[in-house]
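Shown next, in structure tokens, is the structure this report addresses.
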Amino acid sequence: MTSNSANDTQWADLKARWQELSDLGGIGSLLGWDQSTYLPAGASAGRSRQQSLLSRMAHARATDAGYGKLLDTAQSRTDLSPAQTRMVALARKNFEEATRFPADFVAAWSQHGGDSYSAWTTARPANDFARMVPYLEKSRDFSLQAAGYFPEFSDPMDYFIDQSDEGMTAQQVGDVFSQLREALVPLADAVIRAGKPRTDFMGRHYDSATQLKFGESVIRDYGYDFGRGRQDLTHHPFMTRLGGQDVRITTRVKENDPTEALYSTLHEAGHALYEQGVNEEYLDTPIGGGVSSGVHESQSRLWENQVGRSRAFWAAYFGKFCDAFPEQLAGVSEDEMHRAVNTVARSLIRTDADELTYNLHVITRYELERQLLGGRLAVRDLNDAWHAAYEQNLGLRAPSDVDGALQDVHWYFGSIGGAFQGYTLGNVLSAQFYAAAENANPGLEGDIARADFSRLHGWLKENVYAPGGLYKPAELVERATGQAMTVEPYLKYLRGKYGELYGVC
Numbered sequence: 001m002t003s004n005s006a007n008d009t010q011w012a013d014l015k016a017r018w019q020e021l022s023d024l025g026g027i028g029s030l031l032g033w034d035q036s037t038y039l040p041a042g043a044s045a046g047r048s049r050q051q052s053l054l055s056r057m058a059h060a061r062a063t064d065a066g067y068g069k070l071l072d073t074a075q076s077r078t079d080l081s082p083a084q085t086r087m088v089a090l091a092r093k094n095f096e097e098a099t100r101f102p103a104d105f106v107a108a109w110s111q112h113g114g115d116s117y118s119a120w121t122t123a124r125p126a127n128d129f130a131r132m133v134p135y136l137e138k139s140r141d142f143s144l145q146a147a148g149y150f151p152e153f154s155d156p157m158d159y160f161i162d163q164s165d166e167g168m169t170a171q172q173v174g175d176v177f178s179q180l181r182e183a184l185v186p187l188a189d190a191v192i193r194a195g196k197p198r199t200d201f202m203g204r205h206y207d208s209a210t211q212l213k214f215g216e217s218v219i220r221d222y223g224y225d226f227g228r229g230r231q232d233l234t235h236h237p238f239m240t241r242l243g244g245q246d247v248r249i250t251t252r253v254k255e256n257d258p259t260e261a262l263y264s265t266l267h268e269a270g271h272a273l274y275e276q277g278v279n280e281e282y283l284d285t286p287i288g289g290g291v292s293s294g295v296h297e298s299q300s301r302l303w304e305n306q307v308g309r310s311r312a313f314w315a316a317y318f319g320k321f322c323d324a325f326p327e328q329l330a331g332v333s334e335d336e337m338h339r340a341v342n343t344v345a346r347s348l349i350r351t352d353a354d355e356l357t358y359n360l361h362v363i364t365r366y367e368l369e370r371q372l373l374g375g376r377l378a379v380r381d382l383n384d385a386w387h388a389a390y391e392q393n394l395g396l397r398a399p400s401d402v403d404g405a406l407q408d409v410h411w412y413f414g415s416i417g418g419a420f421q422g423y424t425l426g427n428v429l430s431a432q433f434y435a436a437a438e439n440a441n442p443g444l445e446g447d448i449a450r451a452d453f454s455r456l457h458g459w460l461k462e463n464v465y466a467p468g469g470l471y472k473p474a475e476l477v478e479r480a481t482g483q484a485m486t487v488e489p490y491l492k493y494l495r496g497k498y499g500e501l502y503g504v505c
């Protein structure tokens, strides 16, 4: 029988391993954050080599035989707490998955991801999709090879979905998408026919620095802790954790559209609130972060849309927005602002899309990914397929590759598959979580109108953020909301909101 002191020593060794793996991951995230923000253009090749080397080192530590023995010992113990048991189970899952990848494959895939991203940053502004074709072909090949190491998944997409949304399958995602397409297409059509609200004031000149300052003041109110984070500019906004207490966000600014920076900031802050809210005892362990892509995205969409685009939000912030931009908003009413930020229109850009058409952008990308991985679409034909899909799903055709297949950065990090479905799953879950929070805390709309987010943030922190990866995604959703994931709260929210705004049902 193993003594308590020996058990304590073994557990300390295991935690030290997790800390080291977390630190290596944080260093990798730091390299990626720098690459997306401040890296000089001439340094991109060297950065790709650094990322490749770090990936090789991290893979070696993640598959070390001694680490495997520590996990074997931990799994045989009967005195672990539920949290420790889940840590070990996730660590074992990660270990077994990592050991299937050859070290050379991991290093090569990582270097390709850095090279591909660097190429995209110049190909996109040059409107040069042809330049990215060989990179995308290589990304597809790497992705298929990675999925091939897991033959238990008959569909490569099932592997990638399980990596980001544990327990979900392509069939389940497809079912959700079918329900949403059936409900949202006619609703969006009805709203669009009802006419556009006034938006002329949105195209006026809004100083970049003032926009950033206003957005940062809002997320401070939300609860984002700048003592453990910061915001910077980038091509494509993102949130990243560089360490246990270092959670950063990025945004982008358009001086002729004040909503670009504001809603990018609110969106990424939602992700960051989640990461900053994880139980400190879980940090630097396998359960020390968000549990899935869908749950993570639910928080960015909740704070961006259900809070940030609500009538109550603008009741709280319209006066402050006018103080920041008195000339630009002269003669504009609070109601006009609220309607303007909820304009529904078919558009080419996913990140600019309204709530009713957004999911059509996601579905388009998801279906293209499935065709690429299934061998039904050649990479060289992706741009043409993109245009055809947009004409079918949204009735639009992009005038250039910039707003076409070069639009999203996700395919240009070196992997294809499982990158987009989380956005729509997050939309669905955002309404389900908000409804549960409102049920537990009646009157949240009044709180928001006073810029008081304490009850909403507090409920989310307790029920969604603090558990980190303690529960599987489906279990977390059911524990927090009392039911499995369902599209009904989301559809109810959209029908109610846009029915009121546009007089449709």
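As numbered in full-length UniProt numbering, residues 1 to 505 make up the sequence shown, in order.
C-beta atoms are modelled at their ideal positions from N, C-alpha and C, and glycine is treated no differently.
- Message: By the DSSP assignment, the alpha helix (DSSP H) with Leu-266 in it spans what residues?
- Response: 258-276
- Item | Beta-carbon proximity check, Tyr-358 vs Arg-350, cutoff 9 Å | yes
- Where does Asp-452 sit, in a helix, a strand or coil, going by DSSP? coil
- Presumed contact (8 Å Cβ cut-off) between Tyr-149 and Arg-100, rounded CB distance: 4 Å
- Could you name the residues that DSSP lists as bridge partners for Lys-254? Asp-257
- By how many angstroms is the C-alpha of Asn-4 removed from the C-alpha of Asp-79? Rounded to the nearest angstrom, the two C-alpha atoms are 10 Å apart.
- According to the Cβ coordinates, are Ser-217 and Glu-268 closer than 9 Å? no
- Query: If you draw a straight line from the alpha carbon of Val-291 to that of Arg-49, how long is it in whole angstroms?
  - Reply: 30 Å
- Could you work out which residue in Ala-484, Thr-251, Val-428 and Trp-303 is closest to Tyr-222 when comparing CA atoms only? Trp-303
- Query: Would you report the Cα separation of Lys-461 and Thr-37, rounded to the nearest angstrom?
  - Reply: 29 Å
- Query: Is the beta carbon of Ser-454 sitting closer than 9 Å to the one on Asn-305?
  - Reply: No, these two residues do not count as a Cβ contact at 9 Å.
- Query: Going by DSSP, what residues sit across from Thr-240 in a beta bridge?
  - Reply: Arg-248
- Given that a residue counts as buried once 16 or more other Cβ atoms are within 10 Å of its Cβ, and exposed if not, what is Thr-251? With 16 or more other Cβ atoms within 10 Å, it is buried.
- Thinking C-alpha only, which one of Thr-169, Leu-233, Val-247 and Gly-270 is nearest Ile-219? With distances taken between Cα atoms, Ile-219 lies closest to Gly-270.
- Assigned secondary structure, Leu-233 (DSSP; H/G/I helix, E/B strand, else coil): strand
- Message: I need the boundaries of the alpha helix (DSSP H) containing Glu-478, first residue and last residue.
- Response: Note, Glu-478: alpha helix (DSSP H), 473-481.
- Message: My assumption, with CB atoms under 8 Å, is that Phe-214 sits in contact with Phe-95. Please give the rounded CB distance.
- Response: In fact, because the Cβ distance is near 46 Å, the residues do not count as touching under 8 Å.
- Please report how far the alpha carbon of Phe-238 lies from the alpha carbon of Gln-231, in whole angstroms. 10 Å
- Given 8 Å as the limit, is there contact between the stretch 63-77 and the stretch 372-392, that is, 3 or more CB pairs closer than that? no
- Does DSSP put Glu-327 in a helix, a strand or coil? Of the three classes helix, strand and coil, the one that applies to Glu-327 here is coil, per DSSP.
- Where does Tyr-224 fall in DSSP's three states? coil
- Alpha-carbon spacing of Leu-136 relative to Phe-413, whole angstroms: Across the structure, Leu-136 and Phe-413 are spaced so that their CA atoms are roughly 9 Å apart.
- Message: Whole angstroms are fine: how far does the CA of Gln-171 sit from the CA of Asp-335?
- Response: Their backbone Cα atoms lie some 42 Å apart in a straight line.
- Might you give, ordered along the chain, the residues of its own chain that have their beta carbon closer than 6 Å to the beta carbon of Thr-63, omitting 5 neighbours on each side? These residues qualify, in order along the chain: Ala-98 and Thr-99.
- Unbroken alpha helix (DSSP H) run spanning Glu-367, endpoints: 358-373
- Message: Under DSSP, the alpha helix (DSSP H) around Phe-153 begins and ends at which residues?
- Response: Looking at the DSSP string, Phe-153 is not in any alpha helix (DSSP H), and its letter there is neither H nor E.
- Nearest neighbour of Tyr-263, chosen from Ala-398, Gln-392, Val-247 and Phe-313 [CA to CA]: Phe-313
- Verify whether the separation of the beta carbon atoms of Thr-424 and Phe-177 is less than 9 Å. yes
- Distance, Met-132 Cα to Leu-456 Cα: 43 Å
- Item | Three-way DSSP call (helix, strand, coil) for Tyr-206 in this model | coil
- Query: Would the beta-carbon of Asn-427 fall within 9 Å of that of Glu-297?
  - Reply: yes
- Sort Asn-279, Gly-26 and Thr-121 by Cα distance to Trp-411 and report the nearest one. Thr-121
- Best match in Tyr-206, Pro-40 and Leu-242 for proximity to Gln-19 [C-alpha to C-alpha]: Of the listed residues, the one whose Cα sits closest to Gln-19 is Leu-242.
- Query: Glu-166 by DSSP, collapsed to three states: which one?
  - Reply: coil
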